[in-house]
Each structure stands twice: as structure tokens, then as C-alpha cells.
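Read the structure below first, then the notes.
Residue numbers (our numbering): 14 to 560.
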């Protein structure tokens with residue numbers, strides 16, 4: 014047991030309270046709401062820059078607060094009140110950050126979900142958390158978000174109002190004409206909901222308290238020396254946990270300027286970072302790769318202003334980190350391992366050996382405990398591979414409406430089963446060796462294979478299919494369909510045409526197709542996906558394309 018564990022080792026009567034007492038003593042749990050802490054910032058630094066986006070929006074702390082208050086009044090006028098869930102479905106516009114603040118001013122519960130969530134998944138999320146209001150873009154990048162939100166809200170049995178915002182900021186309200194009130198979650202200390210992908214194909218609602226989210230921000234700020242004077246650049250979507258936690262929430266917690274990029278254009282990102290002196294960002298592997306490939310003609314090196322770049326969400330090849338050393342001499346680039354549910358590891362600036370930074374996911378942030386267990390639940394010694402479990406001050410409160418899953422993944426000692434296989438060395442450095450779960454991580458976005466497999470399996474000439482991740486040097490993984498014996502061969506274009514006709518969202522379209530002579534299955538007929546991945550790996554090696 015580590016040093017933190019020993020502080021409550023003798024507290025047999027109430028280990029949970031003893032553990033939480035340590036979190037408070039160490040300052041990781043401030044027991045103070047984010048809105049109260051940001052109110053202090055507004056009073057102390059009203060005229061300092063708070064928010065800009067690449068559409069030209071610009072706010073000081075005072076104008077941001079006042080603009081959010083106007084939106085909070087609009088919520089109230091439409092019957093949205095404290096304790097209600099407000100689901101934010103916006104791109105990286107200033108409006109996202111404003112809506113987040115307005116929801117907190119109201120005392121309601123913000124919830125974030127990726128903007129390209131399709132109608133069935135959105136409807137599931139709405140009903141799972143009994144969302145009272147949706148704030149979304151009328152349309153974005155050719156994706157008719159407004160239509161999706163109205164269709165999804167129509168499935169709710171309770172009243173739900175929809176606020177649509179267009180690219181120019183115009184606001185339009187709609188409702189679903191239902192009279193029954195939203196029940197709202199009855200969960201003490203619930204502060205924020207974040208949706209994440211599930212192996213069942215439907216999103217999970219991750220519940221966080223104000224203290225667990227504060228710990229995320231406090232421990233990251235401690236590690237990377239962040240403050241009100243270190244602007245944050247965020248191109249990662251705010252609808253995902255990385256953008257929400259290390260962008261919007263972190264900016265409010267620190268009182269730091271938040272610089273948002275709506276559409277990912279690497280050269281434009283470099284100029285924004287230089288213009289506003291952005292000190293910190295967190296992003297998936299493709300963002301790093303694109304910045305390395307981008308042409309730059311500035312007087313200073315690329316990312317000269319940025320001290321810290323956290324890169325995660327997909328495998329980060331050591332070669333990318335080596336190239337970053339050469340092109341970004343002023344920037345500490347480190348792998349970020351973390352989950353929406355909680356737990357963060359990175360390397361530590363100035364004290365991390367180079368080989369550790371290139372070959373591991375770093376060490377835990379303050380207070381996070383990690384252990385590796387075997388298939389029988391027995392703790393494993395350093396350098397032994399097994400299932401990774403974590404516990405700490407930034408861990409979530411559980412999944413809303415999924416008590417069975419909470420019981421399955423959170424043990425009696427409060428450790429959460431991450432679903433990752435890993436090795437932890439004697440110095441506490443983490444190396445992820447694989448995933449127990451079947452999610453594909455494409456460019457930092459979790460993609461469930463279930464809806465893809467279900468759609469492909471509907472083809473009359475396809476008997477068996479396994480959808481797995483195809484290793485990719487830029488995105489980490491791409492979507493690969495492995496087909497069992499069938500009456501005909503399929504090319505990628507054949508499958509894409511079929512799934513498109515069936516209405517499968519483009520982000521789920523297969524990007525590669527392979528045929529296997531015999532699909533490996535268990536005696537019960539379940540496909541052995543690990544065997545499929547191993548077969549695919551051997552195929553890639555024989556083709557000379559393995560990465």
C-alpha cells in the first residue's frame with residue numbers, strides 16, 4: 014500500500030470517511046462549488062481576459078459573467094430551475110462556455126455529450142438523466158444538430174425545452190409540448206454529468222461531484238504550474254471529457270483565459286496559441302501529429318508559448334514524442350492517460366527521465382492510487398501485467414441508472430476497474446498494454462463496435478462479423494470489419510454503401526475490410542475478439558503494414 018493508503022490503514026470503522034478526510038487535508042477536496050470559486054475571480058479580476066474563440070468572440074470575466082446571467086434568466090423564463098439537468102450539445106464556440114456558466118449560476122446540473130451524437134443515442138441519454146433542457150447548435154459542419162435534438166426530445170415523456178443557437182449567436186426556443194415535469198436526479202452532491210461510450214452501444218452517464226472535478230483541476234494545475242496567468246488552448250471538443258475537464262472546468266477553476274478553436278486547422282491553431290500566449294492544452298494523438306506536420310513560418314519555434322501539451326486518448330507512438338522534442342523545444346509533451354470516470358497519469362516536468370516519458374504514460378497525479386490484479390483479483394507486484402484498478406480524489410460517483418455496472422466495476426474498497434491491462438513499475442510509472450473492453454479509440458474518440466456489427470450483420474450474405482481497431486499511425490486506430498466465411502467477397506466500398514443505406518452514422522463506417530477463413534468463437538458461439546485481433550496483426554505483418 015502506498016503512503017496515502019497508510020494514512021487510513023488503521024481506520025477500520027470508517028475507511029471511506031478516513032480516506033475523504035485525507036483528500037480534504039491535502040487540499041484536493043475544497044468543499045466549495047465551482048461557481049463560488051469563479052465568482053471570486055470575477056470580483057478580483059473583472060477586466061481580465063476570460064474567453065475567446067476563433068469566430069471573433071471575446072469576453073472579460075465580468076462580461077462573461079453578465080452574458081451568462083442573461084442566459085440563466087432565459088432558462089428560468091422557460092421553467093428550467095435549480096436541480097434540473099441541462100444537456101449542452103454545442104461545438105467549441107464561446108456559447109458552450111457561456112451555457113456551462115449559466116447552468117451553474119442557476120444551480121442546475123450541466124451535462125456534456127459529443128455534438129455528433131445520433132438521434133437514438135441522444136434520446137437514450139435524455140431519458141436516462143431526465144434532461145429538462147437541451148442547448149444545442151442549430152447545425153454544425155453539415156450535421157443538422159437541431160433536427161437531431163428535436164427528434165430526440167420527442168421521445169421524452171416529460172417536458173423538455175430546446176434552445177438552439179446558430180453560428181451567429183441567434184437563439185431560438187422550442188419545447189416538446191409534454192406536460193409531465195422532469196423528475197431530475199436525486200443524487201446528493203451531484204455536480205456534473207458526462208456521457209461516455211459503452212460496450213453496449215449506448216452512452217453511460219458518469220456522475221461527478223464538485224470535489225471530484227475540483228481534484229481533477231487542482232492536481233493538474235499543481236503538476237503543470239497552472240494559474241490565472243496561464244491561458245488554456247482547447248481544440249478538443251468540449252462535449253468530450255478532455256475538453257470539458259481540461260478546458261471549460263479548468264478555466265473556471267483557475268480564472269485563466271480559455272482560447273477555443275471551433276474547426277481543427279493546425280496552422281490556425283499555431284497562430285492562436287502564439288497570439289494569446291497559450292500555456293497549456295490537452296488533446297488526442299492526431300492533434301499532435303497534425304501540428305508536427307503543419308508548415309510554420311513564425312519567428313519563434315512552433316508552440317513557443319506553450320509549456321505543456323498533454324497527449325492522450327489513443328496510443329502515442331514514441332516517434333511522435335521524439336519529433337515533438339525537435340520541433341517544440343519549449344514545450345513539455347507528455348502522454349495523458351485518464352478516463353471520464355477519473356484518474357490521471359502523466360509524466361512530471363523537470364523530474365521525468367526521457368525514457369519514461371517516451372515509453373510510459375507517466376505517474377499518477379496527487380492522491381491517485383493504482384493497483385494491478387490478476388484474473389483471480391490478487392494484487393500483482395511491479396512489472397507484472399494485469400487488470401488496472403484505480404482509486405483517488407478525482408474518481409466519479411458512479412454511473413447514473415446503471416447500479417449493476419457500478420457493483421461490477423467498483424469494489425468494496427472503492428477501486429474502479431478501468432478495463433485496461435497494464436504494467437506499473439517500481440517507480441510508479443504506468444504502461445498500458447491493452448484494453449479488456451472492445452471499444453475502438455479512433456483519434457481519441459471511443460467508438461463502440463456494437464452498432465457497426467449489428468448493421469453489417471443485417472446483410473443477407475454476411476454470417477459473422479467482428480469489428481476491431483486497425484492500428485493507425487495518426488489516429489491510433491481505424492474501424493476494421495473482419496468478416497467470416499460468406500458467399501461472396503466484400504470490398505470496403507461494398508460495406509460502406511450498405512451501412513450508409515441502413516442509416517449508420519458516417520463516423521461508424523468501416524475503413525478497412527478483411528476476410529478470415531474461420532471466425533474464432535467460444536463453445537457458446539461468442540466471437541473471440543482477442544483472437545481476431547491477433548489474426549489481424551499477423552495479416553498486417555505478412556503484408557508489411559504492421560505498425
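Cβ atoms here follow ideal geometry from the backbone N, Cα and C, with glycine treated the same way.
Kindly indicate which three-state DSSP category residue i falls into: helix, strand or coil?
| i | result |
| --- | --- |
| residue 412 | strand |
| residue 442 | coil |
| residue 545 | helix |
| residue 391 | coil |
| residue 519 | helix |
| residue 191 | coil |
| residue 75 | helix |
| residue 320 | coil |
| residue 384 | strand |
| residue 18 | For residue 18, the predicted model reports a pLDDT of 49, less than 50, meaning its position is unreliable; a value from the coordinates is still stated below. Of the three classes helix, strand and coil, the one that applies to residue 18 here is helix, per DSSP. |
| residue 184 | strand |
| residue 42 | coil |
| residue 351 | strand |
| residue 494 | strand |
| residue 25 | Model confidence at residue 25 stands at a pLDDT of 41, short of 50, so the residue's coordinates are unreliable and nothing is read from them. |
| residue 464 | helix |
| residue 105 | coil |
| residue 423 | strand |
| residue 280 | helix |
| residue 451 | coil |
Return the CA-CA distance between residue i and residue j, expressed in angstroms with no decimal places.
| i | j | result |
| --- | --- | --- |
| residue 546 | residue 179 | 43 Å |
| residue 101 | residue 453 | 25 Å |
| residue 263 | residue 227 | 9 Å |
| residue 33 | residue 103 | 35 Å |
| residue 462 | residue 516 | 16 Å |
| residue 514 | residue 471 | 12 Å |
| residue 431 | residue 333 | 26 Å |
| residue 330 | residue 251 | 25 Å |
| residue 593 | residue 511 | With the chain covering 14 to 560 only, the question about residue 593 has no answer from this structure. |
| residue 234 | residue 246 | 14 Å |
| residue 504 | residue 528 | 10 Å |
| residue 352 | residue 137 | 22 Å |
| residue 336 | residue 288 | 24 Å |
| residue 309 | residue 284 | 9 Å |
| residue 116 | residue 367 | 43 Å |
| residue 293 | residue 193 | 45 Å |
| residue 20 | residue 377 | Residue confidence is low: residue 20 scores 48 on pLDDT, short of 50, so the model does not pin down where it sits. No coordinate-derived value is stated. |
| residue 282 | residue 146 | 32 Å |
| residue 509 | residue 37 | 53 Å |
| residue 434 | residue 217 | 21 Å |
I'd like to check one pair, residue j with residue i: are the Cβ atoms closer than 8 Å?
| i | j | result |
| --- | --- | --- |
| residue 148 | residue 98 | no |
| residue 112 | residue 144 | no |
| residue 268 | residue 296 | no |
| residue 406 | residue 437 | no |
| residue 540 | residue 477 | yes |
| residue 96 | residue 197 | yes |
| residue 411 | residue 419 | yes |
| residue 220 | residue 239 | no |
| residue 382 | residue 403 | yes |
| residue 165 | residue 132 | yes |
| residue 487 | residue 299 | yes |
| residue 455 | residue 374 | no |
| residue 274 | residue 105 | yes |
| residue 210 | residue 459 | yes |
| residue 93 | residue 135 | no |
| residue 439 | residue 542 | no |
So, for residue i: in the same chain, excluding its five sequence neighbours on each side, which residues have a beta-carbon less than 6 Å away from its beta-carbon?
| i | result |
| --- | --- |
| residue 249 | 255, 256, 296 |
| residue 279 | 303, 304, 307 |
| residue 482 | 453, 490 |
| residue 364 | none |
| residue 612 | The requested residue 612 is not part of the displayed model; the chain covers only 14 to 560. |
| residue 80 | 111 |
Looking only at its chain, what residues have a beta carbon closer than 8 Å to the beta carbon of residue i, apart from the 5 residues adjacent to it on each side?
| i | result |
| --- | --- |
| residue 392 | 384, 385, 386 |
| residue 58 | 74, 241, 268 |
| residue 40 | 231 |
Could you check whether the Cβ of residue i sits closer than 8 Å to any Cβ belonging to chain C?
| i | result |
| --- | --- |
| residue 114 | Given the protein chain composition of this structure (a single chain), no chain C is represented. |
Kindly list the residues whose CB is nearer than 7 Å to the CB of residue i, restricted to its own chain and excluding five residues on each side of it in sequence; keep chain order.
| i | result |
| --- | --- |
| residue 129 | 156, 520 |
| residue 475 | 469, 496, 499 |
| residue 354 | 219, 408, 409, 429 |
| residue 369 | 360, 442 |
| residue 185 | 177 |
**OP:** Take every Cβ of the segment 415-430, pair it with every Cβ of the segment 335-343, and state whether three or more of those distances are shorter than 8 Å.
**Re:** no
Original post:
Does the segment 317-325 come close enough to the segment 157-177 that 3 or more CB-CB pairs lie under 8 Å?
Top reply: no
Original post:
Is there contact between the segment 59-76 and the segment 186-194, where contact requires at least three CB pairs shorter than 8 Å?
Top reply: no
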